[in-house]
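Down below is the structure, laid out as structure tokens.
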Amino acid sequence: MFSRTDNALHVEDVRLTTIADAVGTPAYVYSQSAIEERYQRLARSLGDAGICYSVKANSNLAILRLMESLGAGFDIVSGGELERVLLAGGDPGRVIFSGVGKSVAEIDFAIKAGIGCFNVESVQELDRLETRARLLSRVAPVSVRVNPDVDAQTHPYISTGLKQNKFGVPEGQALEMYRRAHASDALDVRGIDCHIGSQIEEPAPYIAATDRLFRIVDTLSSEGIDLEHLNLGGGFSIRYRDESDFDLEGFSRDVAARIAARGMTLVIEPGRYLVADAGVLLTRVEYLKPAPDEGYRNFAVVDAAMNDLIRPALYQAWHRVEPVIASSAAPRRWDVVGPVCETGDFLALDRDLALEEDALLAIFGAGAYGMVLASNYNSRSRPPEVLVQGDEFHVVRRRETARDQLAAEGEESCGQEER
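Counting in this note's numbering, the sequence shown runs from 882 upward without gaps.
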């Protein structure tokens, strides 16, 4: 939903310069139509599968309300995310609670809210869940997260299905947990799940994981323990640079159809796949600092930084960068860097760009793991978020101020005018 018209980048029918003039920079901008189209494509391809949007990808309330209106359930990993889902009007019965470190307070909140399922990641968590459910006179719905030891061939920081990773339990332990949960009057066995990583480009790793989960399903079935759903998590790839688009048709044919043939409901937890391409981070060039001599680098210093978009520093992630208004300046090889006092504060390295000072830049693929990972490092205030629909745009989170930051420390005023 991003296009160039009359030499200027637009999101849907709105010029990005118009948004920058209205809210300043840096700023996150999302296309509602892009999210809707991606969700609808996924729903058409997977039929009766349960789509539970992964809230951690982008937890803005406007995005959650949009997902709820499209028919999504939600995958959460904290009590705070559950609070957001409920405030956005999400059905707690379609919420799945994942994560390795659920606290007593989070478990109690989720049980009382009546969530659809807990993805249990350890024997110790099952102990805590059973105890809390019994104390609350409730029955907690559970699914065991299995670590299938499948290599998704992705970045090590976003690989989650290997035995070296902290997530889930091995097959033998999972079987014992299911037997115990089945025998408990405080637990209700619902399904089985795994999540093997992110940015997975082809169905093969999911096929391997499904085969290993089927082995557990069959063993449990022979013991009279029947599971309703099989949850394969998320991880569908999007194209930042030279990655392949995820083979959704192959996944539907080779994975979803096999699960349906077993009489089980497929559940998936997409996040990045639904929102990443729908967002850009707008930033403005503060200074152009060309190399003074051989061996130096050309730096374009912008007003966004690693505290606004940490993926390049954290994952060595690549994001496409374009000037919003095309320039007639001679292209150079630039490092696009921020003002934070860290050498790792960069947004893009070695980019051939035609730049001028004060140029407005768009950093693409920023709809997922952008604002949710933003921080106040260097006491920088977090940027606003803007949602575009057609020829209208709405600020769905205002720009944070220094006063907002200081309020949590008991200070009402920062001693300077807000900008």
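Even glycine gets a Cβ: it sits at the ideal position worked out from N, Cα and C. None of the values given here were measured: they were computed from a predicted structure.
CB of residue i within 7 Å of CB of residue j, strictly
i	j	result
residue 909	residue 1167	no
residue 1069	residue 1020	yes
residue 1115	residue 1150	yes
residue 952	residue 973	no
residue 1205	residue 1181	no
residue 1160	residue 911	yes
residue 1262	residue 1292	no
residue 1286	residue 1257	yes
residue 1129	residue 926	yes
residue 901	residue 1241	yes
residue 1111	residue 1140	yes
Euclidean distance between Cα positions of residue i and residue j
i	j	result
residue 964	residue 945	11 Å
residue 1014	residue 998	13 Å
residue 1232	residue 1131	34 Å
residue 969	residue 985	24 Å
residue 1219	residue 1230	12 Å
residue 1146	residue 1065	24 Å
residue 1118	residue 883	19 Å
residue 1158	residue 1103	44 Å
residue 1101	residue 1136	21 Å
residue 886	residue 956	38 Å
residue 931	residue 1216	42 Å
residue 943	residue 1270	12 Å
residue 1088	residue 1113	10 Å
residue 921	residue 975	18 Å
residue 1235	residue 990	52 Å
residue 1193	residue 1109	40 Å
residue 1178	residue 1213	10 Å
residue 1059	residue 1290	46 Å
residue 977	residue 1061	21 Å
residue 988	residue 1006	10 Å
residue 897	residue 1125	28 Å
residue 967	residue 1210	50 Å
residue 1080	residue 1120	9 Å
residue 1155	residue 899	25 Å
residue 939	residue 960	15 Å
residue 1264	residue 1092	44 Å
residue 1029	residue 1175	51 Å
residue 1201	residue 1107	47 Å
residue 1123	residue 1082	11 Å
residue 1003	residue 1144	27 Å
residue 1090	residue 1223	40 Å
residue 1078	residue 906	33 Å
residue 1063	residue 1249	37 Å
residue 1184	residue 914	28 Å
residue 1071	residue 1245	39 Å
residue 1025	residue 929	22 Å
residue 983	residue 1171	49 Å
Expected contact under 8 Å - CB spacing of residue i and residue j to nearest Å
i	j	result
residue 1084	residue 1031	Wrong, their Cβ atoms sit about 12 Å apart, outside the cutoff.
residue 1247	residue 1195	Contact doesn't hold; Cβ gap of about 14 Å is too wide.
residue 1221	residue 1186	4 Å
residue 1027	residue 1050	6 Å
residue 1048	residue 1076	7 Å
residue 937	residue 962	7 Å
residue 992	residue 1055	With a Cβ gap of about 22 Å, residue 992 and residue 1055 do not count as contacting.
residue 888	residue 1207	5 Å
Same chain, Cβ closer than 6 Å to residue i, five either side skipped, listed in chain order
i	result
residue 980	958
residue 1203	1243
residue 1277	941, 943, 1266 and 1268
residue 1254	1191
residue 822	Since the first residue of the chain shown is 882 and the last is 1300, residue 822 is not available in this structure.
residue 1017	992
According to DSSP, residues forming a beta bridge with residue i
i	result
residue 1156	The partner list for residue 1156 (beta bridge, DSSP) is empty, contrary to what the question assumes.
residue 1199	Looking at the DSSP assignment, residue 1199 forms no beta bridge with any residue, so it has no partner.
residue 1112	1074 and 1148
residue 1275	1268
residue 885	890
residue 1182	1168 and 1218
residue 935	956
residue 896	891
residue 914	Answer is none; residue 914 lacks a bridge partner.
residue 1000	1024
residue 1204	1242
residue 1095	Paired residue(s): none; residue 1095 is not in a bridge.
residue 909	1162 and 1266
Contacts around residue i, its chain only, beta-carbon distance under 7 Å, and the 5 residues preceding and following it disregarded
i	result
residue 1238	1166, 1168 and 1169
residue 1067	1011, 1014, 1015, 1020 and 1021
residue 1134	none
residue 895	1269, 1272 and 1274
residue 1225	1187 and 1194
residue 890	883, 897, 1203, 1205 and 1243
is_contact[residue i, chain B] using C-beta, thresh 7 Å
i	result
residue 1010	Included in the structure is just one protein chain, with no chain B present.
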